[in-house]
Amino acid sequence: MYDLPSEDPEEERLPDQYHGYQPDILDDTFKPSNYDFDEILTATDLHIYYNLNHTNWYKRPDWFAVVGVSRLYEGFDLRMSYVLWQELVSPFVIVELLSPSTENEDLGRTVQQPGKPPTKWQVYEQILRVPYYIIFSRYTNELQPFHLVGGHYEPMTPHEEGLYPVPELGLSFGLWQGTYKGVNRIWLRWFTQSGEMIPTPEEENAAAQQEAAAAQQEAATAQQEAAAAQQEAAAAQQEAATAQERARLAEERAERLAAKLRELNIDLDDLG
Numbered sequence: 007m008y009d010l011p012s013e014d015p016e017e018e019r020l021p022d023q024y025h026g027y028q029p030d031i032l033d034d035t036f037k038p039s040n041y042d043f044d045e046i047l048t049a050t051d052l053h054i055y056y057n058l059n060h061t062n063w064y065k066r067p068d069w070f071a072v073v074g075v076s077r078l079y080e081g082f083d084l085r086m087s088y089v090l091w092q093e094l095v096s097p098f099v100i101v102e103l104l105s106p107s108t109e110n111e112d113l114g115r116t117v118q119q120p121g122k123p124p125t126k127w128q129v130y131e132q133i134l135r136v137p138y139y140i141i142f143s144r145y146t147n148e149l150q151p152f153h154l155v156g157g158h159y160e161p162m163t164p165h166e167e168g169l170y171p172v173p174e175l176g177l178s179f180g181l182w183q184g185t186y187k188g189v190n191r192i193w194l195r196w197f198t199q200s201g202e203m204i205p206t207p208e209e210e211n212a213a214a215q216q217e218a219a220a221a222q223q224e225a226a227t228a229q230q231e232a233a234a235a236q237q238e239a240a241a242a243q244q245e246a247a248t249a250q251e252r253a254r255l256a257e258e259r260a261e262r263l264a265a266k267l268r269e270l271n272i273d274l275d276d277l278g
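Residue numbers (the numbering used here): 7 to 278.
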């Protein structure tokens, strides 16, 4: 894997392919059980403006989700940014995808400089007060989730299944090895609170196709069984007809023998 530097050292690095795919699977599987679809906003690389006194200060998470707001801005349009003093609802969960250039900032190892915006950690923990902050490294597959407890982030502990619960949303999250959009790797995705995998549209389509194929197979088997039953019934009818014919022939033969004996003046009763 390679990543060449820009000819302009001051140029802001743009997201790579992974930074498109990983947020997409988070989008596809983020389905809180207690919120309607139109009350959920998920976004990738969208600026969050958080200080009315410094309107040019922002943070741009790799992925975040807000619940209890309109999915569309003012109910009809896509957002160009997320302005906290207009929306009045902070993100409920933020995901940062760790990279060498952002590691220290993502993990709260940097310090705010005089006259400069607060650090990412400060904004998420102390200003936005985001309940869940999740950091994932594609390079080491290390997952570092934090939960806001008493105004400070505390590392989360997974359940036995390796999943981290988010009971407020009826969800959990964790790592999954599998294929998404044709790429097999370890992905961060959402699960139900009980640990069941929430399917992506691709997975739902595959499951529907499997169900349709199984239903077709069942129908074909039922047709084969019906045809076999019809064949058995036809064979039984044929056997019954054959038996009736044999009985008729036996009866005719008996009548001929009886007639012949009468011609010979032999009484059948005497034969008994």
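Cβ atoms here follow ideal geometry from the backbone N, Cα and C, with glycine treated the same way.
Hey, would you say K37 sits closer than 9 Å to L181, going by beta carbons?
-> For the purposes of this step, residue 37 is taken as the residue at position 31 of the sequence shown. For the purposes of this step, residue 181 is taken as the residue at position 175 of the sequence shown. No, they are not a contact pair.
In terms of residue numbering, what span does the beta strand (DSSP E) encompassing P164 cover?
-> In the sequence shown, counting from the first residue as 1, residue 164 sits at position 158. It is not in any beta strand (DSSP E) - P164 carries neither H nor E in the DSSP assignment.
When burial is assigned at 16 or more other CB atoms within 10 Å of the CB, is V73 buried or exposed?
-> Here residue 73 corresponds to residue number 67 of the sequence shown, with the count starting at 1. V73 should be labelled buried.
With a threshold of 16 other CB atoms inside 10 Å of the CB of A265, please say whether the residue is buried or exposed.
-> Here the question's residue 265 lines up with position 259 in the sequence shown. It counts as exposed.
Starting from P29 and walking both ways along the alpha helix (DSSP H), at which residues does that stretch end?
-> Translated into the one-based positions of the sequence shown, residue 29 becomes position 23. It spans 24-35 - the alpha helix (DSSP H) in which P29 sits, taken as one unbroken run.
Report yes if the C-beta distance between Y139 and V89 is below 9 Å; otherwise report no.
-> The count along the sequence shown starts at 1 and reaches residue 139 at position 133. The count along the sequence shown starts at 1 and reaches residue 89 at position 83. Their beta carbons are not under 9 Å apart, which means Y139 does not touch V89 by this criterion.
Give a yes or no on contact between the region 42-52 and the region 147-165, applying the rule of three or more CB pairs nearer than 8 Å.
-> no
Proximal residues to W127 (C-beta, below 7 Å), its chain only, five neighbours per side dropped = Here residue 127 refers to the residue found at position 121 when the sequence shown is read from its first residue. Here the set comprises G114.
Y170 and F179 look like a contact to me (Cβ under 8 Å); what is the Cβ gap, rounded to whole Å?
-> Walking along the sequence shown from the start, residue 170 turns up at place 164. Walking along the sequence shown from the start, residue 179 turns up at place 173. With 8 Å as the limit, Y170 and F179 qualify as a contact, their Cβ atoms being about 5 Å apart.
Is Q3 buried or exposed, if buried means 16 or more other CB atoms sit within 10 Å of its CB?
-> In the structure as shown, the chain starts at 7 and stops at 278, and residue 3 therefore has no counterpart that could be examined.
Comparing alpha-carbon positions, which option in Y130, W63, S143, E209 lies nearest T108?
-> Taking the sequence shown and counting its residues from 1, the one referred to as residue 108 is at position 102. The shortest C-alpha separation from T108 is found at S143.
Keeping to the same chain, check which residues put their C-beta closer than 6 Å to that of E13; ignore five residues upstream and five downstream.
-> Translated into the one-based positions of the sequence shown, residue 13 becomes position 7. Its pLDDT being 47, under 50, E13 is placed unreliably by the model, and the measurement read from it follows with that caveat. Nothing meets the Cβ criterion.
In DSSP terms, what W193 is bridged to | Counted from its first residue, the sequence shown places residue 193 at position 187. For W193, DSSP records a beta bridge to W182.
In whole angstroms, what separates the C-alpha of G201 from that of E238?
-> Here residue 201 corresponds to residue number 195 of the sequence shown, with the count starting at 1. Here residue 238 corresponds to residue number 232 of the sequence shown, with the count starting at 1. C-alpha separation (whole angstroms): 50 Å.
Cβ separation of P6 and V129, assumed to be a contact under 8 Å, to the nearest whole Å = No answer is possible for residue 6: it lies beyond the span of the chain, which begins at 7 and ends at 278.
May I ask you to report which of helix, strand or coil DSSP gives F82?
-> Against the sequence shown, residue 82 aligns to sequence position 76. Reduced to three states, the DSSP call for F82 is coil.
Alpha carbon to alpha carbon, how far is L78 from A218?
-> Taking the first residue of the sequence shown as 1, we reach residue 78 at position 72. Taking the first residue of the sequence shown as 1, we reach residue 218 at position 212. Counting only the Cα atoms, A218 lies some 35 Å from L78.
Are the beta-carbon atoms of D68 and Q23 separated by less than 9 Å?
-> The sequence position of residue 68 within the sequence shown is 62, counting from 1. The sequence position of residue 23 within the sequence shown is 17, counting from 1. It is not a contact, given that the beta carbons lie outside the stated cut-off.
Classify Y8 as helix, strand or coil using the three-state DSSP reduction.
-> As a first step, residue 8 is located in the sequence shown; it is residue number 2 there, counting from the start. Per-residue confidence for Y8 stands at a pLDDT of 45, beneath the threshold of 50, marking its modelled position as unreliable; no derived number is given.
Which of helix, strand or coil DSSP assigns to L267 = Working through the sequence shown from its first residue, we reach residue 267 at position 261. If DSSP states are grouped into helix, strand and coil, L267 belongs with the helices.
Where E258 falls: helix, strand or coil (DSSP) = Residue mapping note: residue 258 aligns to position 252 of the sequence shown, counting from 1. It is helical.
Any idea if F82 is buried or exposed, counting beta-carbon neighbours within 10 angstroms, 16 or more meaning buried?
-> Residue numbering aside, residue 82 sits at position 76 when the sequence shown is read from its first letter. Answer is exposed; the Cβ neighbour count stays below 16.
Out of P164, D273, M203, which has the shortest C-alpha to C-alpha gap to Q183?
-> Residue 183 sits at position 177 when you count from the first residue of the sequence shown. Cα-wise, what sits closest to Q183 is M203.
Status (buried if at least 16 other CB within 10 Å, exposed otherwise) for W193 = As a working note, residue 193 is residue 187 in the sequence shown. With 16 or more other Cβ atoms within 10 Å, it is buried.
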